[in-house]
Every structure is written in structure tokens, then in C-alpha cells.
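Since the structure comes first, as C-alpha cells, the remarks are kept for the end.
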Amino acid sequence: MKNFFLLILIISNFIFIFIHFKKKIKNIFYKKKIIETDVNEIHNIFETVKIDEIIQAPKKKAIIKTFSISAENKIVGMTSDYEAWIIGCISKVSKNIFEFGTCSGKTTYIMALNSSIDSKIITLTLGPSDVEDLRIDNADNKVSYRNIINESIYKKFLFSGSEEENKIEVIFKNSLKFDEKNYEKAFDLIFIDGGHTYSIVKNDSEKAFKMIRKNGIILWHDYNVGKTSSKDVVKYINKVSENRKIKKIKNTSLCFYKEEG
Ligand SMILES: C[S@@+](CC[C@H](N)C(=O)[O-])C[C@H]1O[C@@H](n2cnc3c(N)ncnc32)[C@H](O)[C@@H]1O
Numbered sequence: 004m005k006n007f008f009l010l011i012l013i014i015s016n017f018i019f020i021f022i023h024f025k026k027k028i029k030n031i032f033y034k035k036k037i038i039e040t041d042v043n044e045i046h047n048i049f050e051t052v053k054i055d056e057i058i059q060a061p062k063k064k065a066i067i068k069t070f071s072i073s074a075e076n077k078i079v080g081m082t083s084d085y086e087a088w089i090i091g092c093i094s095k096v097s098k099n100i101f102e103f104g105t106c107s108g109k110t111t112y113i114m115a116l117n118s119s120i121d122s123k124i125i126t127l128t129l130g131p132s133d134v135e136d137l138r139i140d141n142a143d144n145k146v147s148y149r150n151i152i153n154e155s156i157y158k159k160f161l162f163s164g165s166e167e168e169n170k171i172e173v174i175f176k177n178s179l180k181f182d183e184k185n186y187e188k189a190f191d192l193i194f195i196d197g198g199h200t201y202s203i204v205k206n207d208s209e210k211a212f213k214m215i216r217k218n219g220i221i222l223w224h225d226y227n228v229g230k231t232s233s234k235d236v237v238k239y240i241n242k243v244s245e246n247r248k249i250k251k252i253k254n255t256s257l258c259f260y261k262e263e264g
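Numbering (my numbering), first residue to last: 4 to 264.
Next comes the structure, spelled out in C-alpha cells:
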């Protein structure tokens, strides 16, 4: 009897540890499928200046206009400030930008604040009334599907009413029905951060590969190994990176691909 209780105690401890440290445990056993790279491999804008042996500073060209959103704002589905800085820097050298998934418009605004005055940003998203006809495939992650509903709540965005708004075109449309034919090889930067179900990530990525121009950059958000809501993003990127040179940017959940010129 004593041994039985001991066994139950050990098993419940294991279950407790697994539930609380699921992500860390999965990371330990996860065989890296894609290569990680330093941010300065993406573009020379990220080159640093050596101040001395222990400190490197960014060059002036990597100083961007940015902002932070406080937790009280309760904004869902955002990039971290470091990821937003990376996207802001690449926006400085991009004229035509496309984003799958606007949400609050945090990243869209940072793109608009940092791109040149004659640049154009198209951002595709679902509004509150567009989620009604959204379908889920059997293979799609249910948590990611639920997140799409929770994130498709905005009709106005952080950039609404700003000077930068006139650079931005918001398209309220399901990306599965979005026709990319008019935009072939049109964009210098494409940010994929729409629905995180397998069918949507696959759809958005396949369209992005057609829409990116030579030397253009595609970035994916939320490559988070072990995080339930990112499961399909990780699965798709691992699969597609068997045939495409996709790398993960260190210390971020961003993956990047460059269309070689
Ligand atoms: C994670 S949020 C985007 C966050 C935003 N990129 C940012 O950095 O602040 C996901 C967005 O994708 C949109 N979305 C999800 N599925 C979509 C689909 N099939 N077509 C178009 N937009 C979609 C949602 O409406 C939501 O606005």
C-alpha cells in the first residue's frame, strides 16, 4: 500500500512538472529542423559598430521610430519590441510591403513610420464580421482557430487617424480567398502573421512566394517550438524549409527567407 501511494505521488509529480514546463521540456528534446541565424545576416542595416571588446552599437541607419503598448491596453497578438525593431529596420529599405494579419496594426504602424514617404503598405485582415464564414480543416490546430476569432476584433487600428495612415491600405478579406495574381513579384517585404492554422499558414506562404520580388524578404511570426498555438506554424515552416532556404532569427520567433536575385 505504501509503495502504491509513493508511485501515485511520483506520477503526479511528473504530470505536474510536464504541464508547467511543457515548452522547456519539448525544446530539450526537439531536434532543430531549421538553422538559426544572427539578425545581421538578413541585411547590412543590422551591422554594428565595435565600441570596445564588450560592447557593439547599432549604426545610425538602424535607429527607428517606434513605440510600446502597455499591458493595460490588452492588445492581442503582437510582435515583441525586438521583433518590431527588426521589422522597422527592414521597412526602412522596403518600398512595397505586404502584411498577412493586421490585428491592432502595431506592426503595420511601425512599418509605416519607418518606410520612405513614397512607400506603400497593404495589410490583409479579418474584421469582426468576416469570421462567420471561416472554416477549419480537420488537420488544423483548434487553439489557433480560436485565436483567429479572438484576434479578429478590430475595425480601427493603432495607426487610424495618423499621418502615416495614407500609406496604408487595409483589405478586409479572408486570405484563402485573396487573389495574389495582381501582385506577382510586387513586394520587397512580406510579413506573414495571419491565421496560425496549417491551412492558412500554407495558403499565405504559397501566395507570398509568388508575391515576393527578387532580393525581397519574407518574414513569418510565431515560430515557437512547444507553444500550442504555434504548432501549425512550426509544422509548416519545418516542412517548407526542406525545399526553401528558411532560417530562424536568433532570440525571436521570426523566420526569414530571401528571394535570391
Ligand atoms: C496575430 S494577429 C496579427 C498581429 C499583427 N501582425 C501585429 O504584429 O500586430 C492575426 C491577424 O490575422 C488575421 N487573420 C487570421 N486569419 C486570417 C485569414 N484567413 N485571412 C485574413 N486575415 C486573417 C486576424 O484577423 C488577425 O487580425
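Each residue gets a CB set at the ideal place from its N, CA and C atoms; glycine is no exception. Computed from a prediction, not measured in an experiment: that's the story for all the values here.
| Query | Result |
| --- | --- |
| Contact test: G197 Cβ vs ligand 1 heavy atom, cutoff 7 angstroms | yes |
| Contact check, I100 vs D191, beta carbons under 8 angstroms | yes |
| Alpha-carbon spacing of E245 relative to S147, whole angstroms | 24 angstroms |
| Three or more C-beta pairs below 8 angstroms linking the stretch 170 to 179 and the stretch 229 to 236 | no |
| DSSP-derived helix/strand/coil call for K248 | coil |
| Beta-carbon spacing of V79, E154 below 8 angstroms | yes |
| Whole-number beta carbon distance between G108 and F162, since they are thought to touch under 8 angstroms | 5 angstroms |
| Three or more C-beta pairs below 8 angstroms linking the stretch 134 to 145 and the stretch 198 to 214 | yes |
| Pick from V96, T105, N6 and A65 that is closest to N218, judged by C-alpha positions | V96 |
| Residue environment, K170, which counts as buried when at least 16 other CB atoms sit within 10 Å | buried |
| Buried/exposed call for D133, threshold 16 Cβ in 10 Å | exposed |
| When F160, I38 and A65 are compared against H46, the one with the closest alpha-carbon | A65 |
| L10 beta carbon near ligand 1 (any heavy atom closer than 7 angstroms) | no |
| Cβ-heavy atom distance, K109 to ligand 1, below 7 angstroms | yes |
| Spatial distance of K248 from T255 (CA atoms) | 18 angstroms |
| Member of F160, I48, A87 and R216 whose CA lies at the smallest distance from the CA of N76 | F160 |
| Secondary structure of Y226, DSSP reduced to three states | coil |
| Length of the line joining the Cα atoms of I58 and W223 | 29 angstroms |
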